[in-house]
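To keep things clear, I will list the structure first and then write my remarks on it.
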Amino acid sequence: MKTIKEPLFQSFLMGGFEGACHVNGQGRRLDMIRQTQHDLQVQQDYALVKSQGIHTVRDGVRWPLIEKEPGVYDFSSLEPMAAAAQKQGVQVIWTLWHYGWPDDLDIFSPAFVTRFSAFSQAVATFLNPYSDGLPLFTPVNEISYFCWVGGEVGTVHPYAKSRGYEMKLQLVRAALACMDAIWKISPEARFVHVEPLIHVAVPPDRPDLRETAYADHATQFEAYDIMAGLRHPEMGGNVKYLDIIGCNFYHDNQWFCRGAYVPWQEEISDPDWVPLHRLIQQIYLRYQRPIIISETSHYGGNRPAWMRMITREVQQVLSRKIPLLGVCLYPILDRSDWENDDHWHNSGLWDYSPGEEGRHLRVLAPEYKIEIKHAQQLFSQAATNEIPQPSV
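Residue numbers (the working numbering): 2 to 393.
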C-alpha cells in the first residue's frame, strides 16, 4: 500500500450539504440542493463554511438533472458548484448517487450499473479541470439505509418490499463499477464510502431476541463486506475498494430489537446506549481502514449538547490510535423534511429564515457555533498525516 504524507483532507471538521434527489413517498421528485437554495447561493455557502474554519465539504452531483437522456450529459447544474469550489478554495467530496437516478432506469436492471459507471466517469472527467487536488468521491450514499426504505419497506421510490438485500447487491455492483470507471481516468482518485453506524440492543424484557438483535446489528456490515470481497466474492469485491470508511451517526441510530429507539441524553444516557467510540472501534477492528464521521447532527436546542458529546467521543477514538480523519457536520445548512417542504429541522450550523423575494437567509446558530469552535480547537492537531491507500 502507498502512504500519503500530506493530510488527505484540508480540514478535520467538515460540512455536508443535503443533496438527496430521490422520489419521495408522495411520488414527488426531490431536489434538496434546489430546496435549500444551495444551487443559487453556492458561492456564499462555500464562503460561509470557510469563515468558520471548514475547508472540506461533502456535496452532491444530481444524476437525474445531468443525464436526462441515456448517455447525454448536461453539466449545467454542476458547473456553478465546481466553479464556486475552485474560486473559494474549498475541497469537495462529491457524492455521485444520493438516492436518485434518471426516470427511464430500473434500479434492478443491469443497465443501472452500466449507466451509473459511465455517468461516474463522465462526472470525474468534467470535474478534473476544476481542482489540482486529489479527486474525492462518494460513489453511493448509504447503501444500507436506502435498501431499507426503498427496497425493504417501500416508503420511497421504487417502493419495493422484501427486496432489500437484492437491492444491496445491485448498489454494491454499481459502486464497484463506478470506482473502476473513475480509476481508469484518475488512478489517484480516493473514495469515501458512507453508511449508517448503528446499534441494535437486546430489549431488557426480551432476552429471547438476543440472537435476532445481533443479526440485525450485523446487517450494517453487509455492504462493506461485499465491497471488500468478504461476502459474495463472485461479484469482484476486493479490499482495494474500501478506501475511507464514513460513519453516519445520529441520535436515532440505536434502537431495541423490534422496539423503540434507545434514548440519548447528554447527562444520563440509557444503559443500553453504546458510546460512539465503541461503535467506531468495531468498524476499525473489522476493516482496518481510515475513518471519518461522515454525517452527524441533532436538531434545535439539542445541537450544542450533541456536539459536546461528539467532541468527547472523538477524543476517545483518537486516544485509541484509530485513524479518524475528520468529522462532517451534516447538514451544515438547515434542510426541510423530505415529505413536507414547510417543516425545517433546525439541524444545521445555519438555520433557515425566509427573506425578501423568496430568498433563503442563512442564520448562524450561536450556541452551536460556540461548541463547534471549542471542538475545532481540540481537533486542530488530530488528523494523521500517514494515510494508507489501497493499491489499485
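All C-beta atoms, glycine included, are put in the ideal place defined by N, C-alpha and C.
| Item | Value |
| --- | --- |
| Check the DSSP bridge columns for Asn303 and list the partner residues they point to. | BP columns for Asn303 are empty, so no partner. |
| Taking its Cβ as the centre, do 16 or more other Cβ atoms sit within 10 Å of Gly302, making it buried, or is it exposed? | exposed |
| Asp46: buried (16+ other C-beta within 10 angstroms of its C-beta) or exposed? | buried |
| So Ala202 and Asp273 are supposed to be a Cβ contact under 8 angstroms. How far apart are they, rounded? | 4 angstroms |
| Per DSSP, which residues does Asp352 bridge with? Please list them. | Val364 |
| So Trp102 and Trp64 are supposed to be a Cβ contact under 8 angstroms. How far apart are they, rounded? | 6 angstroms |
| For Leu286, count neighbouring Cβ atoms within 10 angstroms of its own Cβ and tell me buried if that reaches 16, exposed if not. | exposed |
| What are the start and end residues of the alpha helix (DSSP H) that includes Trp64? | 64 to 67 |
| How long is the line joining the alpha carbons of Phe380 and Lys185, rounded to whole angstroms? | 35 angstroms |
| Roughly how many angstroms lie between the CA atoms of Ala123 and Thr213, to the nearest whole one? | 43 angstroms |
| Can you list the alpha helix (DSSP H) stretches of 4 or more residues lying completely in the stretch 65 to 113, in chain order? | 80 to 89 |
| So, Met308 versus Glu372, is the Cβ gap smaller than 7 angstroms? | yes |
| Kindly indicate which residue of Ile294, Leu198, Phe10, Tyr300 has the alpha-carbon position closest to the one of Leu350. | Tyr300 |
| Start and end of the beta strand (DSSP E) containing Asp217? | Careful: Asp217 lies outside any beta strand (DSSP E), inside the alpha helix (DSSP H) at 211 to 219. |
| With a cut-off of 8 angstroms on the beta carbons, I'd call Ala125 and Ser187 a contact; round off their distance for me. | 6 angstroms |
| In the stretch 211 to 294, which residue ranges form an unbroken alpha helix (DSSP H) of at least 4 residues, counting only runs that do not cross its ends? | 211 to 219, 223 to 228, 277 to 288 |
| If you follow the beta strand (DSSP E) that Phe138 is in, where does it begin and where does it stop? | 137 to 139 |
| Say whether the stretch 124 to 140 touches the stretch 189 to 198, bearing in mind that this needs 3 or more beta-carbon pairs closer than 8 angstroms, one atom from each stretch. | yes |
| Have a look at Lys322, Ala176, Asp342 and flag the residue whose alpha-carbon is nearest the alpha-carbon of Arg116. | Ala176 |
| Give the single residue among Thr37, Asp60, Pro8, Arg35 whose Cα lies nearest to the Cα of Cys329. | Asp60 |
| Could you tell me which residues DSSP puts in a beta bridge with Asn142? | Val195 |
| If we call anything under 7 angstroms between Cβ atoms a contact, is Val195 one with Ser295? | yes |
| Tell me Cys329's beta-bridge partners as DSSP assigns them. | Met15 |
| Let me make sure I understand the geometry here. Which of Met82, Pro130, Gly327, Pro81 has the alpha-carbon closest to that of Cys14? | In the sequence under discussion, the amino acid at residue 14 is Leu, which differs from the Cys named in the question. Closest option to Leu14, Cα to Cα, is Gly327. |
| Starting from Val58, follow the beta strand (DSSP E) in both directions and report where the run begins and ends. | 57 to 61 |
| Tell me which same chain residues have a C-beta within less than 7 angstroms of the C-beta of Pro159, skipping the five on either side of it? | Ile108, Gly151 |
| What did DSSP end up calling Ser298 once you bin it into helix, strand or coil? | coil |
| What is the DSSP secondary structure of Met2, counted as helix, strand or coil? | With a pLDDT of 42 at Met2, under the threshold of 50, the modelled position of that residue is not reliable, and the figure given next carries that caveat. It is coil, neither helix nor strand. |
| Residues in its own chain within less than 7 angstroms of His99 by CB, not counting five upstream and five downstream? | Gly20, Ala21, Cys22, Gly61, Asn142 |
| Hey, how far is the Cα of Tyr74 from the Cα of Phe127? | 10 angstroms |
| Could you spell out the range, first to last residue, of the alpha helix (DSSP H) harbouring Val43? | 43 to 52 |
| Along the alpha helix (DSSP H) that carries Ala176, what are the first and last residues, could you check? | 165 to 186 |
| Taking 6 angstroms as the line, does the beta carbon of Asp32 fall inside it for any heavy atom of the ligand PLP? | In terms of ligand content, the structure shown is empty, and the ligand PLP therefore cannot be addressed. |
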